[in-house]
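**Q** Input: one structure, supplied below.
In the UniProt record's numbering, the protein residues as written are 1 to 673.
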């Protein structure tokens with residue numbers, strides 16, 4: 001049983017080793033996937049806003065480019081090696097499955113042999129019991145024969161001889177049966193021993209084969225483990241170098257995100273100003289149309305009143321003439337009939353004129369109401385469109401804010417990690433400096449002791465006190481120079497740490513400033529939306545009241561001034577919009593060239609990295625935070641600063657334009673707000 005349990009132990013050990021190899025392979029694949037993700041993010045990340053930066057800023061370090069190419073090539077090699085390892089693991093799994101099938105067959109054969117052996121054991125045991133019984137019976141009969149021989153001769157010899165013959169025949173039969181049983185037992189034992197010998201030889205052969213396969217697998221596994229360990233070590237070293245190179249790239253990408261956020265805020269200000277101007281323009285048009293319709297209605301009413309007064313005067317004059325003619329003695333009956341006919345004709349003509357005027361007024365009123373409803377529906381559709389655009393811009397600003405917060409958190413964690421590493425390195429440097437100082441002191445003491453011993457052993461040596469002092473002075477100067485270099489390096493490290501801390505504080509202040517700016521923009525947007533809804537509702541109410549038959553509202557003197565201000569603001573807005581459109585067209589043309597293949601993708605990536613490296617942080621554009629970031633930055637690109645200042649001027653101009661438009665829209669026009 002011990003010999004049969006050894007293959008199972010080896011098999012379990014092989015299974016454990018294969019499982020460990022699979023686990024290491026899975027860890028290596030996970031590491032390779034992380035590396036692939038990093039390389040893919042670095043090589044395929046593009047942003048549309050970066051196309052507006054001049055090409056003179058888009059120079060990249062060739063070492064970084066070479067490292068990127070090496071990482072890409074290394075990634076393909078790792079993929080091929082991973083496929084090779086996968087094939088090897090699959091082959092090992094197939095071999096293990098084949099060995100498992102053979103072991104299962106051996107196990108089934110062993111069970112069958114065990115069953116047959118148990119059956120043979122039972123048969124042998126029964127035969128042994130039968131032989132033991134026969135031996136006991138032979139002993140009993142032998143004792144009986146001896147008793148009969150020892151018995152007195154008083155019995156009949158013939159009867160005794162018959163009994164003796166019967167006993168001998170029975171003994172012969174039992175002896176024959178015992179011999180048969182022994183022969184059967186010998187055959188069973190020989191057959192069982194031959195079967196056991198054959199099975200033992202087969203098991204020994206299988207064990208030797210399994211040990212050979214296990215040894216081969218062990219060698220292959222050790223080789224694979226060594227290759228994997230070497231590959232993992234090389235990948236870890238490359239990954240560490242790549243992370244060091246990527247630190248500056250991520251910093252530049254963060255600056256690019258901040259610049260994108262500022263451009264989106266400027267676009268939001270532009271959109272808000274445009275919405276205010278469009279609303280004020282449409283409201284002025286609507287008010288002019290209502291005033292013209294009310295003036296027309298007033299003129300028609302005055303025409304009707306004048307016609308009524310003229311007809312009344314004519315009627316009074318006719319009556320006076322008739323009265324005078326009656327006084328003069330005219331025919332009263334004829335004059336009365338003529339007067340009635342004239343009155344009836346005048347009444348009919350007057351009713352016809354009044355009906356025509358009513359029909360004309362009704363038609364014009366219906367047309368006016370239909371036109372106003374159509375314009376109101378158009379204004380509502382424009383309002384819904386603007387609200388949708390505003391919601392999309394809000395979502396974009398929210399996403400960018402979340403991304404900026406995530407970047408800030410990651411940078412804070414990274415700064416904490418770097419500060420911890422700096423502290424550890426500083427502690428290690430202090431420890432090494434102390435060790436160096438102690439070793440220098442020990443060396444000086446040993447040198448002095450050696451000089452003293454030399455002088456004591458041989459006073460006639462030519463080393464005088466001046467030579468010894470000069471040597472010691474030179475050694476002290478060397479030590480002082482080394483200490484000065486170490487102190488300078490330490491001061492440089494401390495200055496770099498202070499610069500990084502100041503820059504981190506500047507970035508945090510810039511983040512707070514941007515958050516306040518976003519909150520202010522959202523509050524301004526809510527106020528503009530409320531004012532927009534209030535103006536629309538008030539205009540709708542005033543239009544409904546004017547259409548309902550109220551008196552015409554005269555135009556206020558400030559209406560012309562509001563229109564002139566609106567026209568001036570429109571010209572300013574168009575100039576700003578043309579300038580923004582020109583810059584946007586330049587960006588779109590650059591993006592189109594990049595898409596059409598007119599610009600090489602690698603050159604675009606290099607120029608993009610150079611642009612991101614040279615762009616100053618957003619903190620340089622905001623008040624005190626900008627001064628701190630600009631003072632602590634290593635590279636500040638002057639054209640980028642001028643461009644940022646120009647963008648701030650444009651944003652301020654658009655913000656002032658929005659304020660003027662808000663004042664214009666809230667100005668009382670036509671006697672109502």
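Note that the Cβ used here is the ideal one computed from N, Cα and C, for glycine as well. For clarity, every value in this text was computed on a predicted model and none was experimentally measured.
Out of 473, 305, 172 and 507, state which residue places its alpha-carbon closest to the alpha-carbon of residue 410.
**A** Translated into positions along the chain shown, residue 410 becomes position 410. Taking only the C-alpha atoms, the option nearest residue 410 is 507.
**Q** Let me check understanding here. Comparing Cα to Cα, which of 143, 178, 177 and 207 lies closest to residue 164?
**A** In the chain shown, residue 164 corresponds to position 164, counting from 1. Closest by alpha carbon: 143.
**Q** Between residue 522 and residue 272, what straight-line distance do the alpha-carbon atoms span, to the nearest angstrom?
**A** Mapped onto the chain shown, residue 522 falls at position 522. Mapped onto the chain shown, residue 272 falls at position 272. Cα-Cα distance, rounded: 11 Å.
**Q** Less than 9 Å separating the beta-carbons of residue 127 and residue 174?
**A** For the purposes of this step, residue 127 is identified with residue 127 of the chain shown, where counting begins at 1. For the purposes of this step, residue 174 is identified with residue 174 of the chain shown, where counting begins at 1. No; because the gap between Cβ atoms is not below 9 Å, this pair is not in contact.
**Q** Using a threshold of 9 Å, state whether the C-beta atoms of residue 400 and residue 260 are closer than that.
**A** On the chain shown, residue 400 is found 400 positions in, with the first residue counted as 1. On the chain shown, residue 260 is found 260 positions in, with the first residue counted as 1. Yes.
**Q** Taking only runs of the beta strand (DSSP E) that begin and end inside the region 175-240, which ones reach a length of at least 3 residues, in chain order?
**A** Those beta strand (DSSP E) runs which fall completely within the region 175-240 and span 3+ residues do not exist here.
**Q** Out of curiosity, what's the CA-to-CA distance linking residue 265 and residue 407?
**A** Counted from its first residue, the chain shown places residue 265 at position 265. Counted from its first residue, the chain shown places residue 407 at position 407. Their Cα atoms are separated by approximately 19 Å.
**Q** Does the structure place the region 420-431 close enough to the region 272-291 that three or more beta carbon pairs sit under 8 Å?
**A** Not touching, per the Cβ criterion.
**Q** Pick out whichever of 339, 239, 333 and 98 has its Cα sitting closest to the Cα of residue 316.
**A** For the purposes of this step, residue 316 is taken as the residue at position 316 of the chain shown. Of 339, 239, 333 and 98, the residue nearest in Cα terms is 339.
**Q** Throw me the rounded Cβ distance for the residue 113 and residue 199 pair, which I believe falls under 8 Å.
**A** Here residue 113 is taken as the residue at index 113 of the chain shown, counted from 1. Here residue 199 is taken as the residue at index 199 of the chain shown, counted from 1. Between residue 199 and residue 113 the Cβ distance is about 5 Å, and since that is below 8 Å, they are a contact.
**Q** Would you say residue 490 faces chain B, with C-beta separation under 9 Å as the test?
**A** In the displayed structure, chain B is absent; only one protein chain is listed.
**Q** Going along the chain, which residues of its own chain have a beta-carbon closer than 8 Å to the beta-carbon of residue 177, five neighbours each way excluded?
**A** As a working mapping, residue 177 is identified with position 177 in the chain shown. 134.
**Q** Are the beta-carbon atoms belonging to residue 181 and residue 120 less than 9 Å from one another?
**A** In the chain shown, residue 181 corresponds to position 181, counting from 1. In the chain shown, residue 120 corresponds to position 120, counting from 1. Result no, Cβ atoms of residue 181 and residue 120 do not sit closer than 9 Å.
**Q** Report buried or exposed for residue 19, applying the criterion of at least 16 other Cβ atoms within 10 angstroms of its Cβ.
**A** Here residue 19 corresponds to residue number 19 of the chain shown, with the count starting at 1. The residue in question, residue 19, is exposed, as its Cβ has fewer than 16 Cβ neighbours within 10 Å.
**Q** Could you check which residue in 364, 394 and 483 has the C-alpha nearest to that of residue 519?
**A** The residue you call residue 519 lines up with position 519 of the chain shown. When only C-alpha atoms are compared, the closest one is 394.
**Q** Using only the alpha-carbon positions, how far apart do residue 472 and residue 453 sit?
**A** Counting from one through the chain shown, the residue named residue 472 turns up at place 472. Counting from one through the chain shown, the residue named residue 453 turns up at place 453. One C-alpha to the other measures close to 16 Å.
**Q** With a Cβ-Cβ cutoff of 9 Å, do residue 372 and residue 289 count as a contact?
**A** Here residue 372 refers to the residue found at position 372 when the chain shown is read from its first residue. Here residue 289 refers to the residue found at position 289 when the chain shown is read from its first residue. Their beta carbons are under 9 Å apart, which means residue 372 touches residue 289 by this criterion.
**Q** Alpha carbon to alpha carbon, how far is residue 109 from residue 90?
**A** Sequence index remark: in the chain shown, residue 109 carries index 109 (1-based). Sequence index remark: in the chain shown, residue 90 carries index 90 (1-based). Taking the straight line from one Cα to the other gives about 28 Å.
**Q** CB residue 203 to CB residue 106, shorter than 9 Å?
**A** For this step, residue 203 is matched to residue 203 along the chain shown. For this step, residue 106 is matched to residue 106 along the chain shown. In contact: residue 203 and residue 106 (Cβ atoms closer than 9 Å).
**Q** Thinking C-beta only, is residue 354 closer than 9 Å to residue 304?
**A** As a first step, residue 304 is located in the chain shown; it is residue number 304 there, counting from the start. As a first step, residue 354 is located in the chain shown; it is residue number 354 there, counting from the start. Yes, the Cβ-Cβ distance between residue 304 and residue 354 is below 9 Å.
**Q** Between residue 404 and residue 222, is the Cβ-Cβ spacing less than 9 Å?
**A** Your numbering for residue 404 matches position 404 in the chain shown. Your numbering for residue 222 matches position 222 in the chain shown. Cβ atoms of residue 404 and residue 222: not closer than 9 Å.
**Q** So residue 311 and residue 346 are in contact, right, with Cβ under 8 Å, and what is the actual spacing, rounded?
**A** As a working note, residue 311 is residue 311 in the chain shown. As a working note, residue 346 is residue 346 in the chain shown. Sure, about 7 Å apart at Cβ, within 8 Å.
**Q** I'd like to know if the region 475-489 and the region 230-250 are in contact, where contact means that at least 3 CB-CB pairs between them fall below 8 Å.
**A** Short answer: they don't touch.
**Q** Can you tell me whether residue 128 sits near the ligand ZN, meaning its C-beta is under 8 Å from at least one heavy atom of the ligand?
**A** Among the ligands in the structure shown, none appear at all, so the ligand ZN cannot be discussed.
**Q** Please classify residue 494: is it buried, with 16 or more other beta-carbons within 10 angstroms of its beta-carbon, or exposed?
**A** For the purposes of this step, residue 494 is taken as residue 494 along the chain shown, with counting starting at 1. Its Cβ having fewer than 16 others within 10 Å, residue 494 is exposed.
**Q** Determine the direct distance from the alpha carbon of residue 287 to that of residue 670, and round the result to whole angstroms.
**A** As a working mapping, residue 670 is identified with position 670 in the chain shown. As a working mapping, residue 287 is identified with position 287 in the chain shown. The predicted position of residue 670 is uncertain, since its pLDDT is 37 and thus under 50; no value can be drawn from it.
**Q** Should residue 364 and residue 296 be called a contact, given that it needs their Cβ atoms to be closer than 9 Å?
**A** The residue labelled residue 364 in the question sits at position 364 within the chain shown. The residue labelled residue 296 in the question sits at position 296 within the chain shown. Yes, they are a contact pair.
**Q** Whole angstroms are fine: how far does the CA of residue 436 sit from the CA of residue 481?
**A** Reading the chain shown from its first residue, position 481 is the one you call residue 481. Reading the chain shown from its first residue, position 436 is the one you call residue 436. One C-alpha to the other measures close to 14 Å.
**Q** Out of 384, 483 and 474, state which residue places its alpha-carbon closest to the alpha-carbon of residue 429.
**A** For this step, residue 429 is matched to residue 429 along the chain shown. Nearest C-alpha to residue 429: 483.
**Q** Going by CA-CA distance only, name the one from 117, 231 and 240 that's closest to residue 193.
**A** To locate residue 193, count along the chain shown from 1; it is residue 193. Residue 117 is the option with its Cα nearest to residue 193.
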